[in-house]
Amino acid sequence: MEKYCFNLEYSGDFYKLIFLCGSKYVGSNVSDKRNVLRKHLLGKNPLYRPIILEDNFIFSKKTTFLAYGDIYMKTLYDVEFLVSLLSDTILIFHESISTGAETGLFLGEPSNKHKTCLIIPNKEAVEEDKLGAFLRLSFFKGRNSVKQITYYPSIQNNITSVNLRNLHTSFVNNSVGEVLSKKILDFIGTKKNR
Numbered sequence: 082m083e084k085y086c087f088n089l090e091y092s093g094d095f096y097k098l099i100f101l102c103g104s105k106y107v108g109s110n111v112s113d114k115r116n117v118l119r120k121h122l123l124g125k126n127p128l129y130r131p132i133i134l135e136d137n138f139i140f141s142k143k144t145t146f147l148a149y150g151d152i153y154m155k156t157l158y159d160v161e162f163l164v165s166l167l168s169d170t171i172l173i174f175h176e177s178i179s180t181g182a183e184t185g186l187f188l189g190e191p192s193n194k195h196k197t198c199l200i201i202p203n204k205e206a207v208e209e210d211k212l213g214a215f216l217r218l219s220f221f222k223g224r225n226s227v228k229q230i231t232y233y234p235s236i237q238n239n240i241t242s243v244n245l246r247n248l249h250t251s252f253v254n255n256s257v258g259e260v261l262s263k264k265i266l267d268f269i270g271t272k273k274n275r
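So the sequence shown is numbered by our numbering: it starts at 82 and just counts up by one.
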């Protein structure tokens, strides 16, 4: 019988899983913020592995994408929470009610607090404070507050009716500016691999 000896320590580099979250995602849209940031991150470090769930999962069985049930998950909550736990870094473009819920879901798990960063449009550009009182008081006050980065987006005013409009944000010229890039890369760099 042969004996095998394994090196229990690995000194090489590991992939860094970066979970990119945000409001409505359009995979085919090159100006979608998550697509722009993914491309930017892949260009900065070959070990970065940005994850956008919508690239792999769908609600319907009539597609080549996985349904949650295919991996024995019951809901979007299950899948998102699992990926948040497995990721080294969580970056959330926080601009909607649904991303607020997502933020609360992830930050309710103590192990996610140190690895989560909210990327928020400046309030003058979108004409409101997107963070809100609940998230601010729960996770963004005190010594162990969660990281947030303000960015300055390009704005498209979508008018639905006389009384309803929404502001759609994107990166200026579909690129991540130098200052924002440095802040995001610094945050990712401070997170230790699993």
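Glycine included, each C-beta is placed from N, C-alpha and C at the ideal position. As the structure is a computational prediction, the values presented were derived from the model and not from experiment.
Notebook entry, point to check: Taking the alpha-carbon positions, what's the Leu186 to Lys84 distance?
Noted result: As a working mapping, residue 186 is identified with position 105 in the sequence shown. As a working mapping, residue 84 is identified with position 3 in the sequence shown. Near 48 angstroms, if we compare the C-alpha coordinates of Lys84 and Leu186.
Check: Taking just the CA atoms, how far does Asp210 sit from Asn203?
Finding: Position 122 of the sequence shown, counted from the first residue, corresponds to residue 203. Position 129 of the sequence shown, counted from the first residue, corresponds to residue 210. Cα to Cα, the separation comes out at about 8 angstroms.
Check: For Ile230, which beta-bridge partners are listed by DSSP?
Finding: Position 149 of the sequence shown, counted from the first residue, corresponds to residue 230. In DSSP, Ile230 forms a bridge with Ile200.
Check: Mapping DSSP to helix, strand and coil, what is Ser219?
Finding: Taking the first residue of the sequence shown as position 1, residue 219 is located at position 138. DSSP places Ser219 in helix when its eight states are reduced to three.
Notebook entry, point to check: Are Phe95 and Leu128 close, meaning C-beta to C-beta below 8 angstroms?
Noted result: In the sequence shown, the residue the question calls residue 95 occupies position 14. In the sequence shown, the residue the question calls residue 128 occupies position 47. In this structure, Phe95 lies near Leu128, with their beta-carbon atoms less than 8 angstroms apart.
Check: Asn254: which of Gly270, Thr271, Ser235 sits nearest, CA to CA?
Finding: Here residue 254 corresponds to residue number 173 of the sequence shown, with the count starting at 1. For Asn254, the nearest C-alpha among the options comes from Ser235.
Check: Do Thr184 and Leu216 come within 8 angstroms of each other at the CB atom, strictly closer than that value?
Finding: Within the sequence shown, residue 216 is the residue found at index 135, counting from 1. Within the sequence shown, residue 184 is the residue found at index 103, counting from 1. A distance below 8 angstroms separates the beta carbons of Leu216 and Thr184.
Notebook entry, point to check: Nearest-angstrom Cα distance between Glu90 and Thr250?
Noted result: Against the sequence shown, residue 90 aligns to sequence position 9. Against the sequence shown, residue 250 aligns to sequence position 169. One C-alpha to the other measures close to 45 angstroms.
Notebook entry, point to check: If we ignore side chains and look at the alpha-carbon of each, how far apart do Ile132 and Leu248 end up?
Noted result: Indexing the sequence shown from 1 puts residue 132 at position 51. Indexing the sequence shown from 1 puts residue 248 at position 167. If I take the Cα positions, the gap works out to 25 angstroms.
Check: How would you call Tyr263, buried or exposed, if buried means at least 16 neighbouring beta carbons within 10 angstroms?
Finding: Position 182 of the sequence shown, counting from 1, holds the residue named residue 263. According to the sequence provided, residue 263 is Lys. The question's Tyr does not apply to it. By the 10 Å Cβ count, Lys263 comes out exposed.
Notebook entry, point to check: For Lys84, does the three-state DSSP call read helix, strand or coil?
Noted result: Along the sequence shown, one-based indexing puts residue 84 at 3. Under the three-state reduction of DSSP output, Lys84 falls in the coil class, being neither helix nor strand.
Notebook entry, point to check: Identify the residues that DSSP records as bridge partners of Pro131: which are they?
Noted result: Translated into positions along the sequence shown, residue 131 becomes position 50. DSSP lists Ile99 as partners of Pro131.
Item checked: Unbroken alpha helix (DSSP H) run spanning Thr180, endpoints -> Here residue 180 refers to the residue found at position 99 when the sequence shown is read from its first residue. Thr180 -> alpha helix (DSSP H) spans 178-188.
Notebook entry, point to check: Is Phe174 helix, strand or coil when you go by DSSP?
Noted result: As a position in the sequence shown, residue 174 is number 93, starting the count at 1. Annotated three-state conformation of Phe174 is strand, per DSSP.
Next item on the list: Spell out whether any CB of chain D is found under 8 angstroms from the CB atom of Gly181.
Entry: No chain D is present in this structure, which holds just one protein chain.
Check: Anyone know if the C-beta pair for Asn193 and Ile171 falls short of 8 angstroms?
Finding: Here residue 193 corresponds to residue number 112 of the sequence shown, with the count starting at 1. Here residue 171 corresponds to residue number 90 of the sequence shown, with the count starting at 1. Yes, the pair counts as a contact, with Cβ atoms nearer than the cut-off.
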